[in-house]
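See structure below.
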Amino acid sequence: MTDPTTPDPEAADTATARTAASVLGLALTSPIVVGSGLLTDQERNIRRLLTAGAGAVVTKTIHPTPPRSGNERLSRLPTGMLNSTMYSHRSVEEWCRMLRGFARDGLPVIASVHADTPDELGALAERVTDAGCRALELGISCLNEEGGLGDTPQRVAAYTSAVRARTSLPFSVKLAAGEGTRERAVAAVDAGADAITLSDTIAGLAVDVDTGKIELGGVYGYSGPGIKPLVLAEIYALRQEGMTVPILGSGGVQEARDVIEYLSVGADAVQVYTALHKNMHESFDAIRRGTEAWLSAHRTSVEELVGRSLEQGEGTCASVR
Ligand SMILES: Cc1cc2nc3c(=O)[nH]c(=O)nc-3n(C[C@H](O)[C@H](O)[C@H](O)COP(=O)(O)O)c2cc1C
Numbered sequence: 000m001t002d003p004t005t006p007d008p009e010a011a012d013t014a015t016a017r018t019a020a021s022v023l024g025l026a027l028t029s030p031i032v033v034g035s036g037l038l039t040d041q042e043r044n045i046r047r048l049l050t051a052g053a054g055a056v057v058t059k060t061i062h063p064t065p066p067r068s069g070n071e072r073l074s075r076l077p078t079g080m081l082n083s084t085m086y087s088h089r090s091v092e093e094w095c096r097m098l099r100g101f102a103r104d105g106l107p108v109i110a111s112v113h114a115d116t117p118d119e120l121g122a123l124a125e126r127v128t129d130a131g132c133r134a135l136e137l138g139i140s141c142l143n144e145e146g147g148l149g150d151t152p153q154r155v156a157a158y159t160s161a162v163r164a165r166t167s168l169p170f171s172v173k174l175a176a177g178e179g180t181r182e183r184a185v186a187a188v189d190a191g192a193d194a195i196t197l198s199d200t201i202a203g204l205a206v207d208v209d210t211g212k213i214e215l216g217g218v219y220g221y222s223g224p225g226i227k228p229l230v231l232a233e234i235y236a237l238r239q240e241g242m243t244v245p246i247l248g249s250g251g252v253q254e255a256r257d258v259i260e261y262l263s264v265g266a267d268a269v270q271v272y273t274a275l276h277k278n279m280h281e282s283f284d285a286i287r288r289g290t291e292a293w294l295s296a297h298r299t300s301v302e303e304l305v306g307r308s309l310e311q312g313e314g315t316c317a318s319v320r
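End of the sequence shown = 320 in numbering that gives the first Met the number 0, gap-free, step of one.
Encoded structure:
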């Protein structure tokens with residue numbers, strides 16, 4: 000009889016093979032990546048999430064001159080969260096020091112970066128590259144800036160090519176799902192992006208019905224379970240229309256089933272963020288364990304799941320721009 004207290008190396012190997020994923024030149028032990036946000040503005044959180052089994056962690060977006068709006072707040076909704084936050088308030092020097100530490104320890108940390116102009120973003124990308132970072136995400140799609148985002152393929156191409164000119168690191172361009180996603184994604188890839196992250200938060204609004212006041216005072220970033228079907232539809236459409244670069248799916252992941260859905264429509268890895276605002280460690284652990292259990296129960300792997308639903312859709316992609 001086998002001793003139940005002795006780890007079975009073969010079973011452990013199988014489990015590791017099931018959850019392995021690969022994106023941005025990183026061999027991930029799990030397809031679950033912690034997305035960029037307030038929680039990843041702290042070294043301690045980043046390290047603890049990696050220890051807890053995150054495939055990688057994306058830093059809060061680093062910006063050389065983050066605007067100080069004084070109105071950076073969160074508001075919970077039944078279907079997710081509205082937030083009016085923008086970029087990290089830590090200096091680039093402080094981030095580079097942290098990134099050097101992560102590199103020294105061989106940790107899969109993806110630096111999220113943005114700046115006011117493509118030139119400045121190129122220069123920032125070069126600095127984080129020199130700090131030993133292994134991969135980047137261009138956090139160019141935050142709609143909480145004054146005046147909103149108003150994104151275009153030209154804008155995406157300008158930021159992407161400026162970064163491509165200054166670093167040889169693999170990077171993903173993060174887009175917000177919405178009008179012209181396909182054109183913006185194609186612009187990013189044509190300008191040198193290695194992957195696409197879809198989606199950032201999308202424009203949302205809520206009203207306090209007692210006072211009539213708009214929550215947070217305007218239209219801000221909406222995240223959480225309410226956006227998941229929209230993002231799934233857009234990733235599905237990008238794949239059906241022949242986009243082959245790796246995609247990191249992001250939006251509304253709360254449990255293992257959400258991870259499986261994203262992989263099934265062709266995401267190569269999945270980011271989770273808003274769900275972690277409640278009991279960060281327990282919530283992350285539940286999603287990770289649930290995903291492992293699902294893969295094991297179905298005797299399948301991340302590799303086998305990616306894109307498995309693509310040939311089956313009966314609907315058309317006609318509504319997708
Ligand atoms: C409070 C908050 C802060 C965020 N900050 C950033 C950021 O700095 N950079 C970025 O690229 N995305 C940021 N995001 C977007 C998330 O990384 C994620 O893409 C989005 O919320 C959708 O995923 P989710 O529904 O799992 O949260 C933020 C989201 C929230 C809710």
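Think of the CB as a built atom: it goes at the ideal place given N, C-alpha and C, for glycine as much as any other residue. On a predicted model such as this, the values are computed, not experimentally measured, just so you know.
*Going by the CB atoms, is the gap between residue 247 and residue 56 shorter than 8 Å?*
As a working mapping, residue 56 is identified with position 57 in the sequence shown. As a working mapping, residue 247 is identified with position 248 in the sequence shown. No.
*Check whether the Cβ of residue 82 sits closer than 7 Å to any heavy atom of ligand 1, and report yes or no.*
Residue mapping note: residue 82 aligns to position 83 of the sequence shown, counting from 1. Residue 82 has its Cβ nearer than 7 Å to a heavy atom of ligand 1.
*Would you say residue 63 and residue 119 are within 8 Å of each other, going by their C-beta atoms?*
Looking up residue 63 in the sequence shown gives position 64. Looking up residue 119 in the sequence shown gives position 120. Contact: yes.
*Fully enclosed by the region 229-300, which beta strand (DSSP E) runs are 3 residues long or longer?*
You should have 246-249 and 268-271.
_Give me, in chain order, the residues of the same chain whose beta-carbon lies closer than 6 Å to that of residue 70; leave out the 5 immediate sequence neighbours on both sides._
If you number the sequence shown from 1, residue 70 lands on position 71. Cβ within range, chain order: 83.
*Considering only residues of the same chain and omitting the five flanking positions on each side of residue 100, which have a CB-CB separation below 8 Å?*
As a first step, residue 100 is located in the sequence shown; it is residue number 101 there, counting from the start. Excluding positions up to five away in sequence, the list reads 42.
*Own chain, CB closer than 7 Å to residue 134, minus 5 neighbours either side, in chain order*: Position 135 of the sequence shown, counted from the start, is the residue given in the question as residue 134. Residues 23, 24, 25, 109, 168, 169 and 170 of the same chain have their beta carbon placed closer than 7 Å to that of residue 134, with the five preceding and five following residues left out of the count.
*residue 163 beta carbon less than 8 Å from that of residue 191*: Within the sequence shown, numbered from 1, the residue matching residue 191 stands at position 192. Within the sequence shown, numbered from 1, the residue matching residue 163 stands at position 164. Yes.
*For residue 249 and residue 272, the rounded distance between their alpha carbons*: Here residue 272 corresponds to residue number 273 of the sequence shown, with the count starting at 1. Here residue 249 corresponds to residue number 250 of the sequence shown, with the count starting at 1. Taking the straight line joining both Cα atoms gives about 8 Å.
*Where do the N-terminal and C-terminal ends of the beta strand (DSSP E) with residue 124 fall, by residue?*
Counted from its first residue, the sequence shown places residue 124 at position 125. Unbroken run through residue 124 is the alpha helix (DSSP H), 117-129; no beta strand (DSSP E).
*On the three-state DSSP scale, how would you describe residue 97?*
Within the sequence shown, numbered from 1, the residue matching residue 97 stands at position 98. Here residue 97 sits in helix by DSSP.
*Contact check, residue 253 vs residue 196 under 8 Å by CB: the rounded distance?*
Start at 1 with the first residue of the sequence shown, and residue 253 comes out as number 254. Start at 1 with the first residue of the sequence shown, and residue 196 comes out as number 197. So it is not a contact: roughly 18 Å between Cβ atoms.
*asked:* Considering Cα atoms alone, identify which of 59, 86 and 75 is closest to residue 67.
replied: Start at 1 with the first residue of the sequence shown, and residue 67 comes out as number 68. Residue 67 has its Cα closest to that of 86, out of 59, 86 and 75.
*Within 10 angstroms of its Cβ, does residue 208 collect 16 or more other Cβ (buried), or is it exposed?*
Position 209 of the sequence shown holds residue 208. Using a 10 angstroms sphere on the CB of residue 208, the tally of other CB atoms stays under 16, which defines it as exposed.
*Is there contact between the region 259-266 and the region 303-312, where contact requires at least three CB pairs shorter than 8 Å?*
Yes, the region 259-266 touches the region 303-312.
_Inter-residue spacing [alpha-carbon to alpha-carbon] between residue 318 and residue 235_ = Walking along the sequence shown from the start, residue 318 turns up at place 319. Walking along the sequence shown from the start, residue 235 turns up at place 236. Confidence is the limiting factor: at residue 318 the pLDDT is only 40, short of 50, which leaves the residue's position unreliable and the question unanswerable from this model.
_Supposed close pair residue 59, residue 36 - CB separation, criterion 8 Å_ = In the sequence shown, residue 59 corresponds to position 60, counting from 1. In the sequence shown, residue 36 corresponds to position 37, counting from 1. So it is a contact: roughly 6 Å between Cβ atoms.
*To the nearest angstrom, how far is it from the Cα of residue 116 to the Cα of residue 152?*
In the sequence shown, counting from the first residue as 1, residue 116 sits at position 117. In the sequence shown, counting from the first residue as 1, residue 152 sits at position 153. Residue 116 and residue 152 have their C-alpha atoms roughly 15 Å apart.
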